[in-house]
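Enquirer:
There are 2 protein chains.
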Amino acid sequence: MKIGVIGGGQLGRMLALAGTPLGMSFAFLDPAPDACAAALGEHIRADYGDQDHLRQLADEVDLVTFEFESVPAETVAFLSQFVPVYPCAESLRIARDRWFEKSMFKDLGIPTPDFANVLSQADLDAAVACIGLPAVLKTRTLGYDGKGQKVLRKPEDVIDAFAELGSVPCILEGFVLFTGEVSLVAVRARDGETRFYPLVHNTHESGILRLSVASSYHPLQALAEDYVGRVLSKLDYVGVLAFEFFEVDGGLKANEIAPRVHNSGHWTIEGAECSQFENHLRAVTGLPLGSTAKVGESAMLNFIGEVPAVAQVIAVEDCHLHHYGKAFKSGRKVGHATLRCADRERLQQQIAAVEALIRDV
Amino acid sequence: MKIGVIGGGQLGRMLALAGTPLGMSFAFLDPAPDACAAALGEHIRADYGDQDHLRQLADEVDLVTFEFESVPAETVAFLSQFVPVYPCAESLRIARDRWFEKSMFKDLGIPTPDFANVLSQADLDAAVACIGLPAVLKTRTLGYDGKGQKVLRKPEDVIDAFAELGSVPCILEGFVLFTGEVSLVAVRARDGETRFYPLVHNTHESGILRLSVASSYHPLQALAEDYVGRVLSKLDYVGVLAFEFFEVDGGLKANEIAPRVHNSGHWTIEGAECSQFENHLRAVTGLPLGSTAKVGESAMLNFIGEVPAVAQVIAVEDCHLHHYGKAFKSGRKVGHATLRCADRERLQQQIAAVEALIRDV
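Protein chains in written order, with full-length UniProt numbering: chain S, 1 to 361; chain A, 1 to 361.
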């Protein structure tokens, strides 16, 4: 079976590493000449809107999936004429637009920070009057890793904020005093069977994920599964979806969903019986889902800008390196390490050992 | 770092799956147009004696390693002029010739079945007179999976046996009444550091490995490590080496070595902290070795001729599929499954569950 992937970055690369042992082969459509997944499959180098090459991809593969959610709706619609596409167009339409996404949470009774649609500076002024400050103005589409957003703390910050983000459709979100950030990675099969990985506690710096620690018997696991299950059913979702929450007052408030394998699920490669990458492929190809149970106590540390010396990283016991083969560049995710330890105390020690190798670039 | 691999079959494929997350890339030299490792790297399609293409490989990569031991000595010598080659030429010279191999065991004081060099029918007659029947006549080179050998039970079997194996250099080996077949996979770094995986109990049918079960605290582990350590030191070996033994009278008799990653070590992908594939790459590239400790209780089942329906294999709990992406063909190794279970009882149950899916082809 040949899988087409829109995007050829590290997520595509890890999908191929997981799918090759299942007998799958891969084609990646990505305009970047140095797409790092290309080492593991065919690289169709073309823009995401290039219909000739999209048609070529559709003709070559059994189904198409995505590495990122900002794929143009036209691309999804075009591909869907020729080949099955998972997750479905509606999932992508919702997930790539924060207004649609937050509105869906509200419709499904899932708590989320106050929010308002902002299509103009006048809208923003009205929204600030209603929601108050501090608040966060975010572009409705194309934001990631802290990009495309601006924190508004004082009235002066509001002036011209809409223009500063490019005068594109935005939402304003009320500021949330959270005690933690957690995410739940779930997988749903074509027949609706759904499995959930353990809740993960995430630490961000400058808007970029740095550390994910898989929890053991988290008290909010059941609540998170309830919320994520509502979204998966609503979208008749197929594949892996990640749902990020804020922990607030002992409950959860929805932040955002990612309709794809997710950075906060990378620990599952070594830390779970069946990784998020293999489970995504199992789901979209109609194979039985794999176990989401943990193997030991796990954490994931991102390497941003550069991968520390390989010999030093792999010399840390219980540590597994994932080098993405990308050029090093400040602020860019270029690799990660998974720790899989016998107990939590050891895990904390080994997290510190890997953190000691990371320098900010 | 780019690694050159002589051979592009499933061992090369699994090396690439292990090395890619370490940031390595791969080139495979293999004459087969459908070499199954080619999906994961560059494929230089050429004969193993093709000096132009060997030179191309040497120019492109940082070092060269091997997927099989029957590489012509001239190939190794030629490559060694231009690029580091691991394991060394001497390791390959010994391992690919049963006479050299058995003579080395004898020199190192490692028990091995009686054996004699057979270069003619007259040599064979003399060897049979000395060793007795039953005995096994084996070609000195190029034998694998039970090929290139003939069991001699009665005096009639001896007549013309040398011609039947092609009148090529052979050895005669005394028949061993063994109670089991075990193998030890070891890895030795450039600096001589050596690590051993747990002893594995192997079951063959028609000369082909069917089942490997990793042991827990095997009483012969220390003895096997002693024997394998002698060979590794003698050869100043770098990389993974597998050593197959017969269990006889509560001790071990050496059968053969394989100077490479080995089928009886495939369980380490899921069943050990660091797989034989990653550890081989760590050793040959001068990186620190990884832990050879077990993760749970593991076994490996080979798929010979065909891979059972993927959906059925991966529906078995605790089961991990490795499909080699090769055309199905009777007697050919086309995939394997690893089981990784919480305890031995569960492991036995799940072995039976996978065996129930395998039909002889």
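Ideal placement from N, C-alpha and C gives every residue a C-beta, glycine not left out.
For residue 141 of chain A, name the three-state secondary structure that DSSP assigns.
Expert: coil
Enquirer: Is it buried or exposed, residue 256 of chain S, if we count other Cβ atoms within 10 angstroms and call 16 or more buried?
Expert: buried
Enquirer: Residues of the segment 54-68 of chain A in Cβ contact with chain S at a cutoff of 8 Å, in chain order, please.
Expert: none
Enquirer: The alpha helix (DSSP H) with residue 53 of chain S in it runs from where to where?
Expert: 51-60
Enquirer: Distance cutoff 8 Å, beta carbons only. Does residue 262 of chain S sit that close to anything in chain A?
Expert: no
Enquirer: When the distance is taken between beta carbons, is residue 134 of chain S closer than 8 Å to residue 151 of chain S?
Expert: yes
Enquirer: Under 8 Å between C-beta atoms, does residue 39 of chain S make it to chain A?
Expert: yes
Enquirer: For residue 179 of chain A, would you say it is in contact with chain S, using Cβ-to-Cβ distances shorter than 8 Å as the test?
Expert: No, residue 179 of chain A does not count as interfacial toward chain S.
Enquirer: When the cut-off is 8 Å and only beta carbons count, does residue 8 of chain A lie next to chain S?
Expert: no
Enquirer: For chain A, is any of its Cβ atoms less than 8 Å away from the one on residue 268 of chain S?
Expert: no
Enquirer: Around the Cβ of residue 251 of chain S, are there at least 16 other Cβ atoms within 10 angstroms (buried) or fewer (exposed)?
Expert: Exposure of residue 251 of chain S is indicated by the presence of fewer than 16 other C-beta atoms within 10 angstroms of its C-beta.
Enquirer: Look up residue 183 of chain S in the DSSP assignment and give the residues it is bridged to.
Expert: S/200, S/244
Enquirer: Could you work out which residue in A/232, A/166, A/113 is closest to residue 177 of chain A when comparing CA atoms only?
Expert: A/113
Enquirer: Among the candidates S/288, S/226, S/127, S/215, whose CA atom is the shortest distance from the CA of residue 296 of chain S?
Expert: Cα-wise, what sits closest to residue 296 of chain S is S/215.
Enquirer: Mind checking residue 275 of chain S: buried by the 16 CB within 10 Å criterion, or exposed?
Expert: buried
Enquirer: Alpha carbon to alpha carbon, how far is residue 89 of chain S from residue 38 of chain S? Give it in angstroms, no decimals.
Expert: 25 Å
Enquirer: For residue 234 of chain A, which option in A/91, A/30, A/281 has the closest C-alpha, if you only look at C-alpha atoms?
Expert: A/91
Enquirer: Using a C-beta cutoff of 8 Å, does residue 77 of chain S count as contacting chain A?
Expert: no
Enquirer: Please specify which runs of the alpha helix (DSSP H), each continuous and at least 4 residues long, are wholly inside the segment 212-274 of chain S, giving them in chain order.
Expert: 221-235, 268-271
Enquirer: Leaving aside the five residues before and after residue 161 of chain A along the sequence, list all residues of the same chain whose C-beta is less than 7 Å from its C-beta, in chain order.
Expert: Close CB contacts of residue 161 of chain A within its chain, under the 7 Å cut and outside five residues either way in sequence, are with 124, 137, 150, 152 (chain order).
Enquirer: Quick one: what's residue 339 of chain A bridged to in DSSP?
Expert: Paired residue(s): A/299, A/319.
Enquirer: Check each candidate in S/315, S/333, S/269 and name the one with the smallest Cα separation from residue 306 of chain S.
Expert: S/333
Enquirer: Taking only the alpha-carbon atoms, compute the straight-line gap between residue 122 of chain A and residue 163 of chain A and give it to the nearest angstrom.
Expert: 11 Å
Enquirer: Report the option in S/341, S/339, S/356, S/325 whose CA atom is closest to the CA atom of residue 10 of chain S.
Expert: If we check each option's Cα against that of residue 10 of chain S, S/325 comes out closest.
Enquirer: Quick one: what's residue 65 of chain S bridged to in DSSP?
Expert: S/5
Enquirer: Return helix, strand or coil for residue 149 of chain A, following the three-state DSSP convention.
Expert: strand
Enquirer: Report all residues from its chain with a CB closer than 8 Å to the CB of residue 116 of chain A; omit the five preceding and five following residues, and keep chain order.
Expert: 123, 126, 127, 130, 131, 171, 172
Enquirer: Taking the C-alpha atoms as reference points, what is the distance between residue 31 of chain A and residue 3 of chain S?
Expert: 27 Å
Enquirer: Should the segment 224-240 of chain S be called in touch with the segment 180-197 of chain S, which here means at least 3 C-beta pairs below 8 Å?
Expert: yes
Enquirer: Which residues in the same chain have their Cβ closer than 6 Å to the Cβ of residue 199 of chain S, if we skip the five residues on either side of it in sequence?
Expert: Cβ neighbours of residue 199 of chain S beyond the five flanking positions: 182, 184, 215, 218, 221, 224.
Enquirer: Based on the DSSP secondary-structure assignment, which residues constitute the bridge partners of residue 291 of chain S?
Expert: According to DSSP, which records beta bridges pairwise, residue 291 of chain S is partnered with nothing at all.
Enquirer: Is the CB of residue 194 of chain A under 8 Å away from at least one CB in chain S?
Expert: no
Enquirer: Residues of chain S with CB under 9 Å from residue 359 of chain A, in chain order?
Expert: Within chain S, no residue comes near residue 359 of chain A; the closest Cβ sits about 18 Å away, beyond 9 Å.
Enquirer: With distance defined between alpha-carbon atoms, name the residue in S/6, S/8, S/5, S/14 nearest to residue 278 of chain S.
Expert: S/14
Enquirer: List the residues of chain S that residue 12 of chain A touches, going by C-beta distances under 8 Å, in chain order.
Expert: Correct list: empty, because the minimum Cβ distance to chain S is about 12 Å.
Enquirer: Distance check for residue 262 of chain S and residue 7 of chain S, CA to CA, integer angstroms please.
Expert: 14 Å
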